[in-house]
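Residues in the sequence shown are numbered from 12 upward in steps of one, following my numbering.
Glycine included, each C-beta is placed from N, C-alpha and C at the ideal position.
Worksheet for the structure shown next.
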Amino acid sequence: MAARTQDRVVRAPGGGRVRRALIVRGGWEGHVPVEATELFRPRLDAAGFDVTVSDDLDVYLDRDLLAATDLVVQCWSMGTLTAGQCAGLVSAVHAGTGFAGWHGGVVATFGDSPDYLRMVGGLFLFHPPDFLRYRVTIAPEQGDHPIVAGLADFDVMSEQYWMLTDPLNTVLATTTITPEHGGHGGGPVQMPVVWTRRWGAGKVFFSAIGHRMADLCDPAVRTLTERGLLWASR
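Below you can see the structure in the form of structure tokens.
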């Protein structure tokens, strides 16, 4: 059964329901799921969320919990979902629960669950073997979006993700990938780095940046990630 903390209904002083966030973390330890999610937990606390933490994917079978959850923050790389777990998560998001995360914890996992992949809007394919310094360019047409408003283009030194992505995504930031890194010729191409999307009544946020803590602690990355988590919430 899922390990949880703070699994309860909380009321605000005025009697209204406090927003609830569910952090689901685990899988490959190379993406430091505990440390990475704990980095963003204070921002959720400050925003007034009651936070539940699970290190077991069976939490996606708990339909009552998911229905009461306003935001799922997932950091689970190289995992596999059962049919029931997938259906529970996807149904909850379709009904209005927000979903957010970064890097391999969202797109390098659950690759054999098509409904999950359609919900998140992307699938990791490849990254060059070494870290690269690359430019993240804010999409000019999305400059007023609350996740990236006021942010200038910035550089990161990290894994540069090559992904399959869905044209339904609203792309907030891109990078330029040189295809020959993957053994192919051709000129440079734009690759999404940050996107949002709607899935039914739910909102989805994803950022490809976040292989290590240093990536997530970069001021621009941390800002857009924190904003993305809050934006995705119901």
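If you measure from the beta carbon of residue i to each beta carbon in chain C, is any gap under 8 Å?
i, result
"residue 189", "Given the protein chain composition of this structure (a single chain), no chain C is represented."
Assuming residue i contacts residue j under a Cβ cut-off of 8 Å, what Cβ separation, rounded to an integer in Å, is found between them?
i, j, result
"residue 98", "residue 78", "Not a contact, Cβ separation roughly 14 Å."
"residue 210", "residue 157", "Incorrect: roughly 19 Å between the Cβ atoms, too far for contact."
"residue 149", "residue 164", "6 Å"
"residue 87", "residue 44", "7 Å"
Taking the alpha carbon of residue i as the reference point, which residue from the options has its own alpha carbon closest?
i, options, result
"residue 96", "86, 71, 140", "71"
"residue 47", "123, 237, 171", "237"
"residue 62", "42, 85, 43, 69", "85"
"residue 37", "205, 109, 119", "119"
"residue 222", "186, 172, 159", "172"
"residue 80", "124, 30, 101", "30"
In three-state DSSP terms, what is residue i?
i, result
"residue 234", "helix"
"residue 61", "strand"
"residue 188", "strand"
"residue 166", "strand"
"residue 47", "helix"
"residue 256", "This structure cannot settle anything about residue 256, because the visible part of the chain is limited to 12 through 245."
"residue 203", "strand"
"residue 225", "helix"
"residue 70", "helix"
On the CB-based measure, 16 or more other CB atoms within 10 Å of its CB, does residue i come out buried or exposed?
i, result
"residue 305", "The shown model of the chain, from 12 to 245, leaves out residue 305, and the question about it has no answer."
"residue 16", "Residue confidence for residue 16 is low, a pLDDT of 47 falling below 50, so the modelled location carries little weight; the figure read from the coordinates is stated next. Looking at its Cβ environment, which holds fewer than 16 other Cβ atoms inside 10 Å, residue 16 is exposed."
"residue 259", "No answer is possible for residue 259: it lies beyond the span of the chain, which begins at 12 and ends at 245."
**Message:** List, from N- to C-terminal side, the alpha helix (DSSP H) runs of 4 residues or more that fit wholly inside the stretch 80 to 159.
**Reply:** As far as the stretch 80 to 159 is concerned, its whole alpha helix (DSSP H) runs of at least 4 residues are 94 to 106, 115 to 118, 125 to 131.
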